[in-house]
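A.B. asks: Next up is a structure, given as structure tokens.
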Amino acid sequence: MTTAAGTATTRTATIVREVEADLVVRDVRPVADGVVAVELADPAGAPLPAWTPGAHVDLVLRTDAGEELVRQYSLCGDPADDSRWRLGVLLAADGRGGSAAVHALRPGATVRTRGPRNHFPLVASPRYLFVAGGIGITPLLPMVAEADATGADWTLLYGGRSRASMAFADELARHGDRVTLAPQDETGLPDLAALLADPRPDTLVYCCGPEGLLAAVEELCTAWPPGALHLERFSARPQEPAAGADAEFELVLQRSGLTLTVPADRTVFEVVEDAGVSVLGSCLEGVCGTCETEVVDGDVDHRDSVLNADERAANEFMMICVSRCRSGRLTLDL
Amino acid sequence: MATANAGPGRGYPVNAWYVLARSDEVGGRPLGRRVADTPVVAYRTAGGTAVALEDRCAHRPYPLSLGRVAGDTIVSGYTGFVYGPDGVCVSVPTQDRVPHGARVRAFPVHDDGTFVRVWTGDPALAARRVPPRTPWLRDAGWATVGDRLDTAANVVLLHENFADITHVAVVDPFIAPPALHGPPPPLEVALSETSVSFSRQYAPAPLADWHAAALGLPADARHPQRETGAFVAPGLWVNTWEVQVAGVEPVPTFRFTHAITPVDAGHTAHEWRVSRNFALDAATDATLAPIFAEYYRRVRGVLETMQAVVDRDGPRREVAVAADAAVLAVRRLLAQEPAGENGTRRRRTAARA
Chain G
11 MTTAAGTATT RTATIVREVE ADLVVRDVRP VADGVVAVEL ADPAGAPLPA WTPGAHVDLV
71 LRTDAGEELV RQYSLCGDPA DDSRWRLGVL LAADGRGGSA AVHALRPGAT VRTRGPRNHF
131 PLVASPRYLF VAGGIGITPL LPMVAEADAT GADWTLLYGG RSRASMAFAD ELARHGDRVT
191 LAPQDETGLP DLAALLADPR PDTLVYCCGP EGLLAAVEEL CTAWPPGALH LERFSARPQE
251 PAAGADAEFE LVLQRSGLTL TVPADRTVFE VVEDAGVSVL GSCLEGVCGT CETEVVDGDV
311 DHRDSVLNAD ERAANEFMMI CVSRCRSGRL TLDL
Chain D
460 MATANAGPGR GYPVNAWYVL ARSDEVGGRP LGRRVADTPV VAYRTAGGTA VALEDRCAHR
520 PYPLSLGRVA GDTIVSGYTG FVYGPDGVCV SVPTQDRVPH GARVRAFPVH DDGTFVRVWT
580 GDPALAARRV PPRTPWLRDA GWATVGDRLD TAANVVLLHE NFADITHVAV VDPFIAPPAL
640 HGPPPPLEVA LSETSVSFSR QYAPAPLADW HAAALGLPAD ARHPQRETGA FVAPGLWVNT
700 WEVQVAGVEP VPTFRFTHAI TPVDAGHTAH EWRVSRNFAL DAATDATLAP IFAEYYRRVR
760 GVLETMQAVV DRDGPRREVA VAADAAVLAV RRLLAQEPAG ENGTRRRRTA ARA
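Protein chains in written order, with my numbering: chain G, 11 to 344; chain D, 460 to 812.
Here it is, written out as structure tokens:
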């Protein structure tokens, strides 16, 4: 309870959040079987926040049952046009209703958005292989446009169940034979092994689509140089664990040669400080980044506002004032 | 590298729109400036179009800015080589044939009537990134004073300054709003992929004497006040200070525009503008201009001193406070250079010396 109370107090002191805006739906139009393109704009015509290829936004949606759902959709328009955002949304038959709520939007409706943020940035390269499966084409559309504009050598393999299910294929036609469309009912499964057979140090692979495609591309890219493969999974953001669920864990301070215990109701920072190990700390609310500490081992439960998703996943650093450990033991470079 | 607190690296992205000059500074005489460690010469063609070229003749290392403009072209003041607005050499004095491939870089330019902005990074990306907009600087509803300060400090030190103005009360007690004395109210920071903004709502507090006078309010008036700031782009900060006087619309607001341009790793050009939507008369201009000029000169002195310390003794891991939330977010954006640079996104290296 101490931890929960402390968190509640400090949250009122500094609030770090993402940009939110209530945008108006300008257009909703079908672009393929089960897929609509949605255009959003500021109701007063103000410019929208800038973004780069690979970025996505949250839509805060309401289902028929009145339940609030937050869903992420890639921006698939033109980053140079800050008067509107375009999203491509597939109606998910087995979903909880987020995509159905998007499909039910009509021009004039208002939607709350958060972001944009970008966990799938396009890194400069002389050559790209883009691989899209189904609605995974959306983040790749602005990437293809940017790669083309910068004069990079690129190809896109775009697979789908059928030609009619493949959104934005018409827009890609202008790129000629750089784009290979692979409707499964016509050409079968695309030959990913052939596409990725030749690892090249000058080439980056960008892939977005269903889990099966991502897993296959990931497997085939193990022979590629580290960092060559960039993937985006369409999955919900991990939820914060409920307060009160904190557990005790063992804390090893590698440089100090100490093994300590972090009880459920104390922070790593407090335990380290009590042990007489010198650590910097300031805000003690996961905001300022002063107590950032290198992680040697352990599955960190990141609760700060400092690290982004990539940095959290990398598990290299943590803010010891608020973050904890999911595994039984945490080892820090202290 | 003298990059203050941004860790290794120059501290700024090159794929960004930066202010090169005021629009009225670019004309029929060549203007030489340095942007993102690149020499740039600007001029206007006979038709009035702003042009920005690499400020170095292709034949000898002599700046084109020391030459002259002739019609749509610029002529080297030493070699006599003549270049068109696209940077291609169109004639040389010593032979009829123009040497094959003789040219200088031509940079994408955006001229909005207030500032001429230039893009010295990948030219193909320029058309795909919207230049920042500052329409209030040309809006009759706002009156503006300002100046340019060439500052011997890395651009990151300027970003950090505009991301947290709680130092104003220390740097310049005369100008500081009394609301800034004592612990500040909660800070709200809002992030997007490319921007950081922050705000604080202050309880009713008195105003500095000069501020109350400009607003036509009694010296002892107390009003709620609101501070906002936004890192709009790597070359632009827009901050505001509102005085929420009951019944007065629009809310009397100072809007602070900071066009900051990295010159090189140790120098930054700072075009500051202070705009207001009240007391638009010239007499108020004359009162306010020296007050803000003095404040920004003091800020420059502090920034240059910090740069000198870092140059002499190196960067060092710093103690941060909760009020630094916006500063840290900006450092992260700058450390995480956008796509199109350096081959990879780097992890934040702030304060990791």
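Backbone N, C-alpha and C define an ideal beta-carbon position, used for all residues, glycine too.
So does the segment 763–775 of chain D actually touch the segment 273–285 of chain G, counting three or more Cβ pairs closer than 8 angstroms?
C.D. replies: Contact between the segment 763–775 of chain D and the segment 273–285 of chain G is absent, because fewer than three Cβ pairs lie under 8 angstroms.
A.B. asks: Is any beta-carbon of chain D found at less than 9 angstroms from that of Pro59 of chain G?
C.D. replies: Closer than 9 angstroms to some Cβ of chain D, the Cβ of Pro59 of chain G qualifies, so yes.
A.B. asks: For Ala517 of chain D, collect the residues of the same chain with a Cβ closer than 6 angstroms to its Cβ; drop the 5 residues on either side in sequence, then sort them by chain order.
C.D. replies: The residues are Ala561 and Val563.
A.B. asks: Do Cys231 of chain G and Pro209 of chain G have their CB atoms nearer than 9 angstroms?
C.D. replies: Cβ distance < 9 angstroms, so Cys231 of chain G and Pro209 of chain G count as in contact.
A.B. asks: Using 9 angstroms as the limit for Cβ to Cβ distance, is Pro645 of chain D near chain G?
C.D. replies: Yes, its Cβ sits closer than 9 angstroms to a Cβ of chain G.
A.B. asks: Considering Cα atoms alone, identify which of G:Arg276, G:Phe130, G:Pro63 and G:Gly198 is closest to Arg173 of chain G.
C.D. replies: Of the candidates G:Arg276, G:Phe130, G:Pro63 and G:Gly198, the one whose C-alpha sits nearest the C-alpha of Arg173 of chain G is G:Gly198.
A.B. asks: What's the C-alpha gap between Ala246 of chain G and Asp311 of chain G?
C.D. replies: The predicted model places Ala246 of chain G with a pLDDT of 38, which falls under 50 and marks its position as unreliable, so this point remains unresolved.
A.B. asks: Output needed in chain order: residues of the segment 105–127 of chain G with a Cβ under 8 angstroms from some Cβ in chain D.
C.D. replies: Flagged, chain order: Gly125, Pro126 and Arg127.
A.B. asks: Could you please tell me which residues of the segment 286–308 of chain G, in chain order, have their CB closer than 7 angstroms to any CB of chain D?
C.D. replies: Under the 7 angstroms Cβ criterion, the segment 286–308 of chain G contributes Leu290, Ser292, Cys293, Glu295, Val297, Cys298, Gly299 and Thr300.
A.B. asks: Given this structure, state the Cα-to-Cα distance separating Tyr138 of chain G from Thr532 of chain D, to the nearest angstrom.
C.D. replies: C-alpha separation (whole angstroms): 39 angstroms.
A.B. asks: Spell out whether any CB of chain D is found under 9 angstroms from the CB atom of Thr271 of chain G.
C.D. replies: With 9 angstroms as the cut-off, Thr271 of chain G does not count as an interface residue toward chain D.
A.B. asks: From the DSSP output, read off the bridge partner residues of Thr716 of chain D.
C.D. replies: Bridge partners of Thr716 of chain D: D:Val697 and D:Arg732.
A.B. asks: Which runs of the beta strand (DSSP E) at least 3 residues long sit entirely within the segment 24–77 of chain G? Give them in chain order.
C.D. replies: DSSP runs (the beta strand (DSSP E)) wholly in the segment 24–77 of chain G: 24–28, 30–42, 45–51 and 66–72.
A.B. asks: With a cut-off of 8 angstroms, do at least 3 Cβ pairs link the segment 295–315 of chain G to the segment 334–341 of chain G?
C.D. replies: They touch, by the three-pair rule.
A.B. asks: Below 6 angstroms CB to CB, which residues in the same chain sit around Ala738 of chain D once its five sequence neighbours on both sides are set aside?
C.D. replies: Within the same chain, Ala738 of chain D has close Cβ partners Ala673.
A.B. asks: Taking Cβ positions only, does Glu652 of chain D come closer than 9 angstroms to chain G?
C.D. replies: With 9 angstroms as the cut-off, Glu652 of chain D counts as an interface residue toward chain G.
A.B. asks: Would you kindly work out how many angstroms separate the C-alpha atoms of Gln41 of chain G and Ala177 of chain G, rounded to a whole number?
C.D. replies: The sequence as given places Val at residue 41 of chain G; Gln does not occur at that position. Near 6 angstroms, if we compare the C-alpha coordinates of Ala177 of chain G and Val41 of chain G.
A.B. asks: Expressed to the nearest angstrom, what Euclidean distance is found between the alpha-carbon atoms of Met328 of chain G and Glu321 of chain G?
C.D. replies: When rounded, the distance between both Cα atoms is 9 angstroms.
A.B. asks: Helix, strand or coil for Arg515 of chain D, going by three-state DSSP, please let me know.
C.D. replies: Residue state, collapsed to three classes: coil.
A.B. asks: Inspect the beta-carbon positions of Leu596 of chain D and Arg732 of chain D and report whether they are closer than 9 angstroms.
C.D. replies: Yes, the pair counts as a contact, with Cβ atoms nearer than the cut-off.
A.B. asks: Find the residues of chain D that neighbour Arg27 of chain G, judging by a C-beta separation of less than 9 angstroms, and give them in chain order.
C.D. replies: Those are Glu647, Val648, Ala649 and Leu650, listed as they occur along chain D.
A.B. asks: Checking 9 angstroms against the spacing of the C-beta atoms, do Arg791 of chain D and Asn318 of chain G come in under that value?
C.D. replies: A contact, by the Cβ cut-off of 9 angstroms.
A.B. asks: Excluding five sequence neighbours on each side, which residues of the same chain lie with their C-beta closer than 6 angstroms to the C-beta of Ala785 of chain D?
C.D. replies: Here the set comprises Ala622, Val648, Val655 and Phe657.
A.B. asks: What does Gly161 of chain G reach in chain D if we use C-beta pairs closer than 7 angstroms?
C.D. replies: By Cβ distance, chain D contributes Ala583.
A.B. asks: Any chance the segment 120–137 of chain G sits against the segment 57–67 of chain G, with 3 or more Cβ pairs inside 8 angstroms?
C.D. replies: Contact between the segment 120–137 of chain G and the segment 57–67 of chain G is present, because at least three Cβ pairs lie under 8 angstroms.
A.B. asks: Buried or exposed: which applies to Ser288 of chain G, given that a residue is buried once 16 or more other Cβ atoms fall within 10 Å of its Cβ?
C.D. replies: Answer is exposed; the Cβ neighbour count stays below 16.
A.B. asks: What does the alpha-carbon distance come out to for the pair Ala51 of chain G and Asp68 of chain G?
C.D. replies: Roughly 15 angstroms between the two C-alpha positions.
A.B. asks: Given that Ala781 of chain D touches chain G, what residues does it touch there, using C-beta distances under 9 angstroms?
C.D. replies: What Ala781 of chain D touches in chain G: Thr20, Ala23, Thr24, Ser292, Cys293, Leu294, Glu295, Val297 and Cys298.
A.B. asks: Quick one: is Asp88 of chain G near chain D, going by C-beta distance under 9 angstroms?
C.D. replies: Chain D contact via Cβ: present.
A.B. asks: Considering only their Cβ atoms, is the gap separating Ala480 of chain D from Val614 of chain D smaller than 9 angstroms?
C.D. replies: No. Outside cutoff.
A.B. asks: Is it the case that the Cβ atoms of Gln496 of chain D and Ala724 of chain D are separated by a distance below 9 angstroms?
C.D. replies: The residue asked about is misnamed: residue 496 of chain D is Asp in this sequence, not Gln. In this structure, Ala724 of chain D lies closer than 9 angstroms to Asp496 of chain D by Cβ.
A.B. asks: What does Val589 of chain D touch in chain G if you count any residue whose Cβ is under 9 angstroms from its own?
C.D. replies: In chain order: Pro57, Ala60, Pro89, Ala90, Asp91 and Asp92.
A.B. asks: With a 10 Å radius around its C-beta and 16 neighbouring C-beta atoms as the bar for buried, classify Arg243 of chain G as buried or exposed.
C.D. replies: Result: exposed.
A.B. asks: With distances taken between CB atoms, is the gap from Thr593 of chain D to Leu512 of chain D smaller than 9 angstroms?
C.D. replies: For Thr593 of chain D and Leu512 of chain D, no; Cβs fall outside 9 angstroms.
A.B. asks: Could you tell me how far apart the beta carbons of Arg72 of chain G and Ala111 of chain G are, in whole angstroms, since I believe they sit closer than 8 angstroms?
C.D. replies: About 6 angstroms separates the two Cβ atoms, so the contact holds.
A.B. asks: Here's the rule I'm using: 16 or more other beta-carbon atoms within 10 Å means buried, otherwise exposed. How should Ala157 of chain G be labelled?
C.D. replies: When all chains shown are included, Ala157 of chain G counts as buried.
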